[in-house]
Amino acid sequence: MSFLKKNLLKKHPDSKLARFLDRNIYVILAFICSAVLMLLVYYCFEIIPFGNKTVLRMDLYHQYGPLFAELHDRITQFKSMLYSWNTGGGGSFIGNFYNYLSSPVGILLALIFGHENIPEAIGSMVFLKNALAAASMAFYLKKSTGKNNFTISAFGILYAFCGFFIAYYWNIMWIDAMYLLPLVVLG
Numbered sequence: 006m007s008f009l010k011k012n013l014l015k016k017h018p019d020s021k022l023a024r025f026l027d028r029n030i031y032v033i034l035a036f037i038c039s040a041v042l043m044l045l046v047y048y049c050f051e052i053i054p055f056g057n058k059t060v061l062r063m064d065l066y067h068q069y070g071p072l073f074a075e076l077h078d079r080i081t082q083f084k085s086m087l088y089s090w091n092t093g094g095g096g097s098f099i100g101n102f103y104n105y106l107s108s109p110v111g112i113l114l115a116l117i118f119g120h121e122n123i124p125e126a127i128g129s130m131v132f133l134k135n136a137l138a139a140a141s142m143a144f145y146l147k148k149s150t151g152k153n154n155f156t157i158s159a160f161g162i163l164y165a166f167c168g169f170f171i172a173y174y175w176n177i178m179w180i181d182a183m184y185l186l187p188l189v190v191l192g
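Every number in this note's numbering is 5 more than the matching position in the sequence shown, counting from 1.
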């Protein structure tokens, strides 16, 4: 923090980047600290990229993994989003898309990682959504309380690692609500 203020902010106090960083440094800190903590969790549990385990558990393994793989195939192979023969005799895919897969983070990462790397894509989704939750809560606290100090970062990180996230990270569609809720309440 002091490095930024001493170097960038003092040398270029009128630049847009310097002003943005000065106004949002604790929101960015919440994002970065949450990301570092998630990397530490991934390291301790030998989750990819630090081992050969994945975050895929329960519904994340049995439901979301195959659905994201199919979503990737449908988008890259220009298949219809309306119907799928890959579900027990066939069924509506559009319902599954809107219910489980329509997160912008999920779609983007599923396309970036590709079909064969869906477990890595889902691990990245959990990682990114957690960091976004920390940042959005810190942003909410900054705007609603008028404070811009370390406490908004700390409470943002605590929010990102709350019991709901720990218990339900495997239902990634619900984790979208964690990073969107503070912004909706603020709006």
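By construction, the Cβ of each residue, glycine as well, lies at the ideal position given by its N, Cα and C atoms.
- Going by DSSP, Phe-160 is part of the alpha helix (DSSP H) stretching over 155 to 165.
- Leaving aside the five residues that flank Phe-73 on each side, the residues in its chain whose CB is nearer than 7 Å to its CB run, in chain order, Leu-106, Gly-111, Ala-115, Ile-123, Ala-126 and Ile-127.
- When rounded, the separation of the alpha-carbon atoms in Met-130 and Ser-149 is 28 Å.
- Three or more pairs of CB atoms, one per stretch, sit closer than 8 Å, so the stretch 164 to 175 contacts the stretch 53 to 70.
- Taking a cut-off of 8 Å for Cβ pairs, the stretch 152 to 168 and the stretch 28 to 41 touch, as three or more such pairs fall below it.
- Burial check for Ile-80: the Cβ neighbour count within 10 Å stays below 16, so the residue is exposed.
- Secondary structure of Gly-96 (DSSP, three-state): strand.
- In the DSSP annotation of this structure, the continuous segment of the alpha helix (DSSP H) that includes Ser-149 starts and ends at 123 to 150.
- When rounded, the separation of the alpha-carbon atoms in Tyr-69 and Ala-182 is 17 Å.
- In the assembly as shown, Glu-51 is an exposed residue. Its beta-carbon has fewer than 16 other beta-carbons within 10 Å.
- Residue range 109 to 118 is occupied by the alpha helix (DSSP H) that includes Pro-109.
- The shortest CA-to-CA distance from Asn-135 to any of Asn-153, Asn-154 and Phe-166 is the one to Phe-166.
- The beta carbon of Ile-117 sits closer than 6 Å to no other beta carbon from its chain once the five residues preceding and following it are set aside.
- In this structure, DSSP gives Ser-89 an extended state, which the three-state scheme calls strand.
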